[in-house]
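Participant: Here the numbering used here is used: position 101 in the sequence shown is 102, and no number is missing along the way.
We treat Cβ as the ideally placed atom computed from N, Cα and C, and that holds for glycine.
Let me begin by handing over the structure; questions about it come next.
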Amino acid sequence: MAVAIDAGIVEIKHTSTPWALRRYRTLEEWQQRAAQIRRHILVCSGLWLQSEKKPLKPRIFARIEREGYSIEKVFFESMPGFFVCGNLYRPLGKGPFPGIANPHGHWQRGRIEDIELGSIPGRCINFARQGMVAFAYDMVGYNDSDQVAHQTFGGRREDLWGIGGLSLQLWNSIRVIDFLEQLPDVDAKRIGCTGASGGGSQTFLLAAVDERIKAAAVVNMVSAQMQGGCNCENQGHLRLDINNVEIASCMAPKPQLLVSCTGDWTVNTPEIEYPAVRDIYGLYGAQAQITQVQVDAEHNYNKLSREAVYGFFNRQFLGGRGRVAERPYIVEKDKDLLVFSDRDKPANALDAEGVTEAVVNRSERRFAGLLKNGGRHFQQEMRPALASLLGVDVDVALVTRSVRYHRGKDHVGEELLLAREGRGEILRGMFYLPPGAKGKLPAVLVVDDGGGQKLIDWASGKVGKMVLGLLQSNRAVLVVAPLLSNAAQRAGHDETKSSHYHTYNQATMACRVQDILTALAYLDEHPRVGKRALVGMGQAGLCSLFARALVCDVERTAIDWARLDLNDDGHWTGERFVPGIRALGDVRTALALCAPGHLLVHATGRHFPERLARKAYRSVGRSAQLQVASVRMGQTEIVERIIGG
2 MAVAIDAGIV
12 EIKHTSTPWA
22 LRRYRTLEEW
32 QQRAAQIRRH
42 ILVCSGLWLQ
52 SEKKPLKPRI
62 FARIEREGYS
72 IEKVFFESMP
82 GFFVCGNLYR
92 PLGKGPFPGI
102 ANPHGHWQRG
112 RIEDIELGSI
122 PGRCINFARQ
132 GMVAFAYDMV
142 GYNDSDQVAH
152 QTFGGRREDL
162 WGIGGLSLQL
172 WNSIRVIDFL
182 EQLPDVDAKR
192 IGCTGASGGG
202 SQTFLLAAVD
212 ERIKAAAVVN
222 MVSAQMQGGC
232 NCENQGHLRL
242 DINNVEIASC
252 MAPKPQLLVS
262 CTGDWTVNTP
272 EIEYPAVRDI
282 YGLYGAQAQI
292 TQVQVDAEHN
302 YNKLSREAVY
312 GFFNRQFLGG
322 RGRVAERPYI
332 VEKDKDLLVF
342 SDRDKPANAL
352 DAEGVTEAVV
362 NRSERRFAGL
372 LKNGGRHFQQ
382 EMRPALASLL
392 GVDVDVALVT
402 RSVRYHRGKD
412 HVGEELLLAR
422 EGRGEILRGM
432 FYLPPGAKGK
442 LPAVLVVDDG
452 GGQKLIDWAS
462 GKVGKMVLGL
472 LQSNRAVLVV
482 APLLSNAAQR
492 AGHDETKSSH
502 YHTYNQATMA
512 CRVQDILTAL
522 AYLDEHPRVG
532 KRALVGMGQA
542 GLCSLFARAL
552 VCDVERTAID
562 WARLDLNDDG
572 HWTGERFVPG
582 IRALGDVRTA
592 LALCAPGHLL
602 VHATGRHFPE
612 RLARKAYRSV
622 GRSAQLQVAS
632 VRMGQTEIVE
642 RIIGG
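Shown next as structure tokens:
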């Protein structure tokens, strides 16, 4: 059996794979890209549907007043039972003052770390003395925020729902901005964010998706050669086609400072990353809004780096000029900073399993609400989101190579190699025309799962019963076998061979969807092809359904459901695994997006969501265009349905 060949199987990308930075010629081109990046971050983080914000119920207590500032302990609920904990450093006086969110990064002691290379209390004390409210909050798994472990939380099931350290922290950071906005002494029009290392990752991710960040200082993290090695910086499919330099560029044209150092992966920032970001600011005519400083030190947020940041926020929010020197400070005792040093956690605090269930339930509520409204809004929201999550191109720039021709008494055949321009995959296909056919013909894409249906003989090009039946009905036929359809290749394919594999490399299921989209693009461009139909055989049925959901102009589709129980997370963790797919509505979204096109689903078994599918078709007034059969149909019957019976 011949199969698609994907360069990704051999060329595994990882967190330290160097990126060639794209250049953008027009503002319109960049703005379209920036919108894609923002959507992609939210989709991969399971937050595309997460607009549900419950009351924070903040507790602010244990105030300590010092010369020019005060410190308080804070905890609030980013969602019911999941707590953000931190310290609020305020200037003395009424305000309103600018507010600065301070995610801490991977310092051993988190938000209470005070060493030469980095002091979170030191910078927050100085912010407060300078006239800014500073909130230092825990990353998940640090200090008071230990409901989930920082390094070990999550697995395949959580990945399916877009749940991980990155998504939880991004949601917490969004709620931190909600918290700062609600403080009476904070000016909601002057909110900034700064962090180093993992805190830098949080800073540019938050700034990319939350317009309320008016200025950002990213320290030691914007790099084309290293994207962040912790779970809290990696989410499935996040960096298939985007990198931290582009994410940081989404801040444009608002003020941003990039701080780098000579002793880590930001060593080249002044010469490589900063000019790339500055070029994007230049598209807005805002090059003066992006600045950079490099410190001669190892990985840090040291005094020199902090002073650069003080000066930046002083200029942006307080109208100051020149350098701002750090004043000496004294850090409070741990017990006076840690939120739960002298009190128990709230009784409703969730454990790790409870956090997962809470996020899953939140996703399901939001999806149900969106699905209930249905129609055009659902399609507008979910079709681009699904394409983004899968990492696929619907508008394919196609490259085609003809390998050989062969002729039989019932067909004229052509063996093809199909690819996307500039990509590494190669999809082998067999294209057939009936002998003597003239003009444009309807065409059928048949997706082979390698399961022994004997659709064609890949060596000789001879056709089996289904393909012959379609040819005899005066149809063109394209047969393809997507990525790893061959059982021997599947056995040797290991998606756990590198750290954070799915952050940088497409899941096999998603690759198969792309192969089908590429094949549909070939039919769309072929001068002899008119209307298109799609048949997904055996285990290829599911990826064919997702491909059909992304392409509107397929006249008829036949999908083998293979009697799957896709309500069970366990059925998604193996070969069908796609990060975030459950959070985006999985097959329920795909079925709804197929309406109102003709859709036959067979071999449904007992677990097919028939009620949902029928409701989607009723909502667009096309109930008769959905056909469901619990048994598996034979090839002859499928041909009859595709022909229009």
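Determine the direct distance from the alpha carbon of residue 417 to that of residue 2, and round the result to whole angstroms.
Facilitator: Legend: pLDDT at residue 2 = 37, less than 50; position of this residue unreliable, value from coordinates given subsequently. The alpha-carbon atoms of residue 2 and residue 417 are separated by roughly 15 Å.
Participant: Please specify which runs of the beta strand (DSSP E), each continuous and at least 3 residues long, are wholly inside the segment 533-585, giving them in chain order.
Facilitator: 557-561
Participant: Mind checking residue 580: buried by the 16 CB within 10 Å criterion, or exposed?
Facilitator: buried
Participant: Is residue 65 buried or exposed, if buried means 16 or more other CB atoms sit within 10 Å of its CB?
Facilitator: exposed
Participant: Give the range of the alpha helix (DSSP H) segment to which residue 290 is assigned.
Facilitator: Where residue 290 is concerned, there is no enclosing alpha helix (DSSP H), given that its DSSP letter is neither H nor E.
Participant: In chain order, what residues of the same chain have a beta carbon less than 7 Å from the beta carbon of residue 31, not counting five sequence neighbours either side?
Facilitator: 25, 281, 284
Participant: Which residue or residues does DSSP assign as beta-bridge partners of residue 262?
Facilitator: 296
Participant: Is residue 535 buried or exposed, if buried means 16 or more other CB atoms sit within 10 Å of its CB?
Facilitator: So residue 535 ends up on the buried side.
Participant: Got a sec? Which residues, its chain only, sit under 7 Å from residue 513 by beta carbon, not counting five neighbours each side?
Facilitator: 483, 484, 544
Participant: Which residues does DSSP list as the beta-bridge partners of residue 80?
Facilitator: Per DSSP, 83.
Participant: Please classify residue 441: is it buried, with 16 or more other beta-carbons within 10 angstroms of its beta-carbon, or exposed?
Facilitator: exposed
Participant: Does residue 617 pass the burial test, meaning 16 or more other C-beta atoms within 10 Å, or should it be called exposed?
Facilitator: With 16 or more Cβ atoms within 10 Å of its Cβ, residue 617 is classed as buried.
Participant: Cα-Cα, which of 548, 569, 446 is closest to residue 361?
Facilitator: 569
Participant: CA-CA distance, residue 364 and residue 35?
Facilitator: 25 Å
Participant: To the nearest angstrom, report how far apart residue 163 and residue 590 are at their CA atoms.
Facilitator: 16 Å
Participant: Count the other CB atoms within 10 Å of the CB of residue 17; is the residue buried (16 or more) or exposed (fewer)?
Facilitator: exposed
Participant: Please list the segments of the alpha helix (DSSP H) lying wholly inside the segment 357-426, counting only runs of 4 or more residues, in order along the chain.
Facilitator: 376-391
Participant: What do you get for residue 533, buried or exposed, if any count of 16 or more other CB atoms within 10 angstroms of its CB means buried?
Facilitator: Buried is the call here.
Participant: So residue 546 packs on residue 537, CB below 8 Å; how close in whole Å?
Facilitator: 7 Å
Participant: Tell me the DSSP secondary structure of residue 115 in three-state form.
Facilitator: Residue 115 falls in the strand class under three-state DSSP.
Participant: Does the structure place the segment 108-121 close enough to the segment 57-72 that three or more beta carbon pairs sit under 8 Å?
Facilitator: For the pair of segments examined, the segment 57-72 was found not to touch the segment 108-121: the number of CB pairs separated by less than 8 Å stays below three.
Participant: Give a yes or no on whether the C-beta atoms belonging to residue 597 and residue 621 are separated by under 8 Å.
Facilitator: Their beta carbons are under 8 Å apart, which means residue 597 touches residue 621 by this criterion.
Participant: Which same chain residues end up closer than 7 Å to residue 607 when comparing Cβ atoms and leaving out the 5 residues on each side of it in sequence?
Facilitator: none
Participant: What residues match up with residue 629 in a beta bridge as DSSP calls it?
Facilitator: 602, per the DSSP bridge assignment.
Participant: Straight-line CA distance for residue 155 to residue 644?
Facilitator: Near 47 Å, if we compare the C-alpha coordinates of residue 644 and residue 155.
Participant: Roughly how many angstroms lie between the CA atoms of residue 296 and residue 303, to the nearest whole one?
Facilitator: 9 Å
Participant: From residue 636 to residue 212, what distance separates their C-alpha atoms?
Facilitator: 53 Å
Participant: Since residue 157 sits in a beta bridge, which residues does DSSP pair it with?
Facilitator: Beta-bridge pairing links residue 157 to no other residue.
Participant: For residue 135, report the span of its beta strand (DSSP E) as first-last.
Facilitator: It spans 134-138 - the beta strand (DSSP E) in which residue 135 sits, taken as one unbroken run.
Participant: Three-state secondary structure (DSSP) at residue 71?
Facilitator: Strand, per DSSP.
Participant: In angstroms with no decimal places, state the Cα-to-Cα distance between residue 479 and residue 372.
Facilitator: The straight-line gap from Cα to Cα measures roughly 34 Å.
Participant: For the beta strand (DSSP E) holding residue 194, just list the boundary residues, first then last.
Facilitator: 187-197
Participant: Can you name the residues that DSSP bridges to residue 329?
Facilitator: Looking at the DSSP assignment, residue 329 forms no beta bridge with any residue, so it has no partner.
Participant: Give the range of the alpha helix (DSSP H) segment to which residue 313 is assigned.
Facilitator: 304-319
Participant: Among 450, 219, 474, whose alpha-carbon lies nearest the alpha-carbon of residue 444?
Facilitator: 474
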